[in-house]
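The sequence shown stops at residue 412 when you use full-length UniProt numbering, and every number in between is there.
Positions of the beta carbon are idealized from the N, C-alpha and C atoms, including for glycine.
Everything numeric in this text was worked out from a predicted model, so none of it was measured.
Read the structure below first, then the notes.
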Amino acid sequence: MLRMFNDGVAMMLLFLAVYLFARQRWRWGCVLFSLAVSIKMNVLLFAPALFFLLLQSCGILRTAWYLLVCAAIQVALGYPFLKHNWWGYVNRAFDLSRVFAFKWTVNWRFLDEATFVSGGFALLLLLGHVFFMVLLLDKHFHIVGTIRAVMMKPFAVYEPFPIQSEIVVTSLFVMNFVGVVFSRTLHYQFYAWYYPTLPYLLWCSDLPLLLKMAALLNNEYAFNTFPSTTMSSIMLQLTNLFLLITLYLNQKSNSFVPYLDAESRLKLTAFVNEECFDGARQLALYYGSVTENLADGARVASIDEHEVVLSLPTMKLTLAVGFGSSGPVTGEGYGRQVLTEMLREAGAGLRAGNTMGKLISREYTKEKELERLVNALDEPHERTDARQSLRQRTTATTVTTTTTSTMTTTSV
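Shown next, in the form of C-alpha cells:
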C-alpha cells in the first residue's frame, strides 16, 4: 500500500479539467480542478494561470463565482474533519513549512542535507518561483493590461470571451512547470506532475530536435536512477531550468501564441461595435456570406490574435472570421489597421454585390471551366494521335503479311 501514491489520480482529474478549460467549460472545469486539489496540493501550481484565464474570459464577477465553487467543494469534502478539529485539519492540509526527507529527493541530491532542509534554501526557491511566475504570467497575460481591463467594468456580467485552446493549455502547463523547477523536492512519484506535459512544452520551444530529445532522455535518466546521484540531479535541474528560460525567451509565433491583452480586446471590440457603423453586420454579410435577415443585429462578441467572433442573434450562433495572413494581431494599433482594412474590403465588396462565398464560388467555377476547355482542346490531339497510331499498326501488319506471303511463295 505504501507505493500506491495518489499523484496519478490527482493528475487524471487535472488533465480532464484542462480539457474542459480548453473547451471553454469553465464551471465544470473548476469543479474537477477543485476535486484534484482535494487529492493532491501540487495541482495548485496551475492556479495562477487559471486565475488569469478566468479573468480574461469571464470578468471579475464570474471569476469570483467560479472560485467560490472551488472553495465550496473543499469545504464540503473536508467538513467531517473541519467539524471536529478545523484548525488541525487546515494546518496539516496546508502545511507549507513541512521539511521533506533528503533520502528521496531526485532533483537536489547534489546539495548537502543541511542546505536541503534549511529555511534559507526554501526561501530562495520561493523567490525564484515567484520571479519566474510573474515573468511568464506577464508574457502570457500582460498582467497590468488585464487588471486595468477588468476594472473598467468590474461589476459587469457578460458572456465569457472564447480563448484559444492553445493559449489555455500552454499557460497552464508553463505555470505548473515553473513550480516543478523550483520545487523543494521531487520524489519519484512526482514525475507524474509534469511528464505528460513535457513533450508539449519542448515542442513549444524553438530548440533543435536533438536538444528536445536530449531533454526527454535526461528527465528519464534522472527519474530512473535509484538512488539519485549528484550527476542525475544536476542533469535534471539544468535541463529543466534551461527549458524554462527557453520558453520565456521563445518568440516563435506558432509555438507561443502572442497574447492580445484583455484591454486591447475590449477596445477593439468596442471599435467595431460602436465606432464603425454597421461594421459587424458588414463582416457577417461579406466574410460569412450570410443572408440579410441572418446578419441583422450582428455584433462582435470577442476578438483574439487570429479572428473576430461575431454573434448572430437570429441564428443564436457565433461566426468566426479569421485575420488570415494579417494575423496574429498582438496590439491595439495593429488590430485597428487590420479591422479597418477588412471593413473597407467588406464595404466595397457588398457595394459591388459580392460576398466572399460568391467570389470563391466564381473562382471555383472559372477553374472548372478552364479545366474543361483544356480537356476539350486536348481531346482532338488525342484522337489524331490515336488515328496515327492505328495507321502505323495497320501498315506494320500489312508489311508483315506481305513479307510472310513472299516467303511462302519462295518456299513453294
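- Residues of the same chain with a CB within less than 6 Å of the CB of HIS187, apart from the 5 flanking positions on each side, are TRP104 in chain order.
- Comparing C-alpha distances from THR318 to each of SER171, PHE161, PHE242 and PRO196 shows the shortest one belongs to PHE161.
- Around the beta-carbon of PHE226, fewer than 16 other beta-carbon atoms lie within 10 Å, marking it exposed.
- Contact between VAL144 and PHE21 does not hold, since their C-beta atoms are separated by about 24 Å, which reaches or exceeds 8 Å.
- Excluding its 5 nearest sequence neighbours in each direction, MET235 has C-beta neighbours in its own chain below 8 Å: ASN218, TYR221 and ALA222, listed in chain order.
- As the crow flies, the alpha-carbon of LEU285 is around 13 Å from that of ARG344.
- Secondary structure within the segment 13 to 84: the alpha helix (DSSP H) runs of 4 or more consecutive residues, fully enclosed, are 26 to 39 (chain order).
- In the same chain as GLY288, and ignoring 5 residues on each side of it, the C-beta atoms closer than 6 Å to its own belong to LEU319, in chain order.
- Secondary structure at SER311: strand, using DSSP grouped into helix, strand and coil.
- Contact check for SER264 against GLU332 passes: the beta carbons are separated by less than 7 Å.
- Its Cα nearest to that of SER325, the residue HIS306 stands out among HIS306, LEU54 and PHE33.
- Going by DSSP, ALA348 is part of the alpha helix (DSSP H) stretching over 332 to 351.
- Cα atoms of LEU137 and VAL290: separation of roughly 39 Å, rounded to the nearest angstrom.
- With fewer than 16 other CB atoms across the displayed protein chains lying within 10 angstroms of its CB, GLY119 is exposed.
- In the three-state DSSP reduction, SER97 falls in the coil class, being neither helix nor strand.
- Annotated three-state conformation of LEU317 is strand, per DSSP.
- With distances taken between CA atoms, ARG62 lies nearest to CYS30 out of ILE73, ALA47, CYS30 and LEU45.
- Around the beta carbon of ASP112, fewer than 16 other beta carbons lie within 10 angstroms, which makes this residue exposed.
- When secondary structure is reduced to three states using DSSP, GLY279 falls in the helix class.
- Inter-residue distance for ALA301 and LEU127 is about 39 Å (C-alpha atoms, whole angstroms).
- Taking the Cβ atoms as the reference, VAL180 lies roughly 5 Å from TYR194, within the contact range of under 8 Å.
- Counting along the chain, the unbroken alpha helix (DSSP H) around SER171 starts and ends at 165 to 181.
- DSSP places ARG372 in the helix class (H, G or I) of the three-state scheme.
- Excluding sequence positions up to five before and after GLY357, its CB lies within less than 7 Å of the CB of SER289, all in the same chain and listed in chain order.
- Between TYR66 and TRP26, the C-beta gap is smaller than 7 Å, which places the two residues in contact.
- When the five nearest sequence neighbours on each side are left out, the beta carbons in the same chain lying within less than 7 Å of the beta carbon of VAL9 are those of ILE39, in order along the chain.
- When rounded, the separation of the alpha-carbon atoms in ALA72 and ALA64 is 12 Å.
- Around the beta-carbon of PRO48, 16 or more other beta-carbon atoms lie within 10 Å, marking it buried.
- Spatial neighbours of VAL329 in its own chain (CB-CB distance under 7 Å, excluding positions within 5 residues in sequence) are listed in chain order as LEU260, GLU305, PHE323, GLY335 and VAL338.
- Counting every other CB atom within 10 Å of its CB across the protein chains shown gives ILE303 a total of 16 or more, marking it as buried.
- Minimum Cα-Cα distance from LYS267 among the listed residues ASN85, PHE81, GLU292 and VAL150 corresponds to VAL150.
- Residue pairing by DSSP leaves ILE234 without any beta bridge partner.
- VAL37 counts as buried, since at least 16 other C-beta atoms from the protein chains shown sit within 10 angstroms of its C-beta.
- Rounded to whole angstroms, the separation of the alpha carbons of PHE5 and ALA114 is 27 Å.
- Under the DSSP assignment, VAL300 falls in the beta strand (DSSP E) whose first and last residues are 299 to 303.
- Under DSSP, the beta-bridge partners assigned to GLY322 are GLU307.
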